Ligand code: AGP
C-alpha cells in the first residue's frame, strides 16, 4: 500500500528520499514520485522541483536529473485507488502555481463532490486522484500560515489520510497530518524525517513519534511540534524503535519470504523470552492491563483480525477454549462492524494485527471502544495504531516482516495466543501439571521448527511435483482446520494457484464433487483423537482417485506423500503443522516464477477499507 517519506535538514535530500522509498517498496506500489526544494532567505519563496514515474522506484531514480539538489522534500510510492497507475496520477501533486505539494496515503471519500465544486470554480485537474482535491483546497485556503491552510482544507475532507505537505512560500517546514493512515516522525540531529512506516526511518534515526488520528505536526530542521487538527498542542514523547536497520536486509536469502520462514525458531524464542514463570507454571504478560479478578470475570472472548491474522486468531480461540475453558471464537474484523454486533460487557475483545495499522481491524477496535468494550491487542509493530488504541495487550516480537506474505508473524501470533491462553487458564482451572506440560511444549518449539526447516529439500521436491495443479484442496479437522485455511491462503497469495480449505468432515457435504486426479488435497493429520476420522476422509479422497499430500506425525498410508513433522502437545501441534506448508507455498511459487515478496494485487499493510 502507499508509502510516504519526507526529510528536512541540511543533507542532499533526493538520495535520502529515494533510499527511503526503496525501503517502503515491500508495501506494494505501482508508481512513485518526489518533490524537493531548498531553504531560502526568510520571506523569499522557494521553488518546488518534482519528478514522477509509473513503475518501480529505480525508474523514478533514472528520471531524476543530475542537478536536482535540495534540503527539504517529500516522496511517495502509490498503490492505485482513484485512477490508473500513471505518471500523472503518481504523487506528489502540485497546484497550478507550483506552490503546494502533497503526498497522501488513504482515501478521500467525498473527493468527487469536492472535485465537482472545484471544477465549477475553474480549477483544472491534472490527475484522476482523490488526493489532488487536497492540493487545491490548501492552495485556495485564505489562512496566513501553512498549518492553518492545511487545517482549513482538512475541514472539507471526509475519509482517511496520512499526508505530508510542502509549500514554496513556507519552505522552512513540512506539515503532516494523520487520520486513519500511519504517520511517524523520525527525530534526528538538526534534521527531521517523516514516513508512513518506520522501515524508511531506522537507517537514520530510531527516535520516533507516532501521530494519533486527528493529530498534525510541523517539522523544521531543528525542531518539531504536534497539535490536533483543531489547533491545540499535544505532547509528543519520542520512543526508541527496537528494530535495527539490518533487520530489513535480505541477510543472504534470495527473498524476504525465505528469510522470514527461516527466522521462525529465533522469533518464537523471542516471544517466549522472559515470560515463563516456572514456579507457578504460568506466564507473565506485562501489558495486558487485566488483573486476575478481571480475568476471572471474562465470560467470552471474541478475536478479530484479517487474513492470516484472522487465521492465527482462530487457532488462538481454540487454545483459549482448551486451556482456559472460556468460550472463544474469531471473526474477520472486516465484517464485524457491518453486522451491528451485540457488544457484551462480559466479553473480552482481542484485535490481532501484524502491522497494527490494518484499517478494518482498527475501525472494529474503534467501534468496540465507542460501545464501551474492553479490547486487547495482539500486535507485532510496537506503537502502531491498534496497539495504542487497545486497552492493553501483548506484542508478538516477530521482528520486522517485509514480505507481503506473512509467515513468521503468523507463527509468533499463535504462540502469543498460547501464552495468553495459558495465562488465563492458570488464573482459572488449568492445573499446575497441565500448565507445566504446555510450558515444556512451548520450550520445545524452536528446536522442532529448525527440524522442520531442515527438511526443505524434500518439501521443494514435493512442491515441484504439485506445482502443475490448477487447483488444490486443503483439509483439516478442529485444530487442523485453521492450519488448512492458512496454508491454502499462503498458496493462493504467493503462487496464484486456486486453493480451497474445508473441514475434512464437510467433504461429503459438497466439495467431494471436486475431487479427481487433477485436484490434489493437502491433509492436516495430527496424531490426536481425530486421527482415525482424518484417515477416513483420506480414504474418501483416494476412492475418487484424488492425490493426497499429508502433513502428519507419522507416514500416512492413504497419502501419496507425507511430510512428517515432530509431535508436540496436542494443543500446540497447529503451530508446527503450518510451517512446512509455508515452505511448500514458497517453493511452488518459486517453481512458477512468481514475484514472491510482492504478489500481484496485494499490499503488506492495508490501511484503507
Ligand atoms: C498475509 O499473508 C496477508 N498478506 C494478509 O492476509 C494479512 O495477514 C492481512 O492483511 C492482515 O494484516 P495485519 O496482520 O497487518 O493486520
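In my numbering, the protein residues as written are 3 to 611. Note that beta-carbon positions come from the ideal geometry of N, C-alpha and C, so glycine has one too. No experiment lies behind these values; they were computed from the predicted model shown.
Is the closest heavy atom of the ligand AGP to the C-beta of residue 495 under 7 angstroms? Looking up residue 495 in the chain shown gives position 493. Yes, the ligand AGP has a heavy atom inside 7 angstroms of this Cβ.
Straight-line gap, residue 417 to residue 480 (C-alpha atoms, nearest Å): One-based indexing of the chain shown puts residue 417 at position 415. One-based indexing of the chain shown puts residue 480 at position 478. Taking the straight line joining both Cα atoms gives about 18 angstroms.
What are the start and end residues of each continuous beta strand (DSSP E) run of 3 or more residues lying completely inside the stretch 300 to 337, in chain order? 302 to 307 and 330 to 334
Classify residue 282: buried if its beta carbon has 16 or more other beta carbons within 10 angstroms, exposed otherwise. By one-based count along the chain shown, residue 282 stands at place 280. Residue 282 is exposed by the Cβ-count criterion.
Distance, residue 376 Cα to residue 428 Cα: As a first step, residue 428 is located in the chain shown; it is residue number 426 there, counting from the start. As a first step, residue 376 is located in the chain shown; it is residue number 374 there, counting from the start. Distance between the alpha carbons of residue 428 and residue 376 is about 21 angstroms.
Residue closest to residue 525, alpha-carbon to alpha-carbon, out of 88, 576, 64 and 511: Counting from one through the chain shown, the residue named residue 525 turns up at place 523. For residue 525, the nearest C-alpha among the options comes from 576.
Anticipated Cβ contact below 8 angstroms, residue 212 with residue 186, distance rounded: What you label residue 212 is simply residue 210 of the chain shown in a count that begins at 1. What you label residue 186 is simply residue 184 of the chain shown in a count that begins at 1. 5 angstroms between Cβ atoms; contact.
Give the range of the alpha helix (DSSP H) segment to which residue 363 is assigned. Position 361 of the chain shown holds residue 363. From DSSP, the alpha helix (DSSP H) with residue 363 extends over 361 to 372.
Within 10 angstroms of the Cβ of residue 356, are there 16 or more other Cβ atoms? Answer buried if so, exposed if not. Reading the chain shown from its first residue, position 354 is the one you call residue 356. Buried is the call here.
Should the stretch 289 to 301 be called in touch with the stretch 551 to 563, which here means at least 3 C-beta pairs below 8 angstroms? Segments in contact, no.
Opposite residue 355 in the DSSP bridges: which residues? Counting from one through the chain shown, the residue named residue 355 turns up at place 353. Its beta-bridge partners are 381.
Regarding residue 490 and the ligand AGP, is the C-beta to nearest heavy atom distance less than 7 angstroms? Walking along the chain shown from the start, residue 490 turns up at place 488. Not so, every heavy atom of the ligand AGP lies at least 7 angstroms from the Cβ.
What residue ranges within the stretch 131 to 166 form continuous alpha helix (DSSP H) runs of no fewer than 4 residues, ordered along the chain? 133 to 142 and 148 to 156
Jot down the residue ranges of each uninterrupted beta strand (DSSP E) in the stretch 443 to 482, minimum 3 residues, whole runs only, in chain order. 473 to 478
So which of 78, 305 and 333 has the shortest CA-CA distance to residue 378? Numbered from 1 along the chain shown, position 376 holds the residue referred to as residue 378. Taking only the C-alpha atoms, the option nearest residue 378 is 305.
Residue 395 versus 297, 532, 530 and 164, residue with shortest Cα-Cα distance: Locating residue 395 in the chain shown gives position 393, counting from the first residue. Here the closest residue by C-alpha is 297.
Specify whether the stretch 503 to 515 and the stretch 532 to 539 touch according to this definition: at least 3 beta carbon pairs, one from each stretch, less than 8 angstroms apart. yes
Residue interval of the beta strand (DSSP E) (run including residue 229): As a working mapping, residue 229 is identified with position 227 in the chain shown. Residue 229 -> beta strand (DSSP E) spans 225 to 230.
Got a sec: does the ligand AGP put a non-hydrogen atom nearer than 7 angstroms to the Cβ of residue 350? As a first step, residue 350 is located in the chain shown; it is residue number 348 there, counting from the start. Flag unset: Cβ of residue 350 not near the ligand AGP.
Does at least one heavy atom of the ligand AGP sit under 7 angstroms from the Cβ of residue 308? Residue mapping note: residue 308 aligns to position 306 of the chain shown, counting from 1. Flag set: Cβ of residue 308 near the ligand AGP.
Mind checking who residue 33 pairs with in its DSSP beta bridge? Along the chain shown, one-based indexing puts residue 33 at 31. Residue 33 is bridged to 56 and 80.
Whole-angstrom C-beta distance between residue 501 and residue 521, which should lie under 8 angstroms: Taking the chain shown and counting its residues from 1, one reaches residue 521 at position 519. Taking the chain shown and counting its residues from 1, one reaches residue 501 at position 499. The pair is not a contact, with the Cβ atoms about 10 angstroms apart (cut-off 8 angstroms).
Kindly indicate which residue of 234, 225 and 252 has the alpha-carbon position closest to the one of residue 1. Any answer about residue 1 is impossible in this case: the structure gives the chain only from 3 up to 611.
So, residue 182 versus residue 361, is the Cβ gap smaller than 8 angstroms? By 1-based counting over the chain shown, the position of residue 182 is 180. By 1-based counting over the chain shown, the position of residue 361 is 359. Yes.
Tell me the DSSP secondary structure of residue 23 in three-state form. Here residue 23 is taken as the residue at index 21 of the chain shown, counted from 1. Residue 23: helix per DSSP, three-state reduction.
Contact belief for residue 97 with residue 37 at Cβ below 8 angstroms, rounded distance in angstroms: Here the question's residue 97 lines up with position 95 in the chain shown. Here the question's residue 37 lines up with position 35 in the chain shown. No, residue 97 and residue 37 are not in contact; Cβ-Cβ is about 12 angstroms, not under 8 angstroms.
Would you say the beta carbon of residue 607 comes nearer than 7 angstroms to a heavy atom of the ligand AGP? Here residue 607 corresponds to residue number 605 of the chain shown, with the count starting at 1. At least one heavy atom of the ligand AGP lies closer than 7 angstroms to the C-beta of residue 607.
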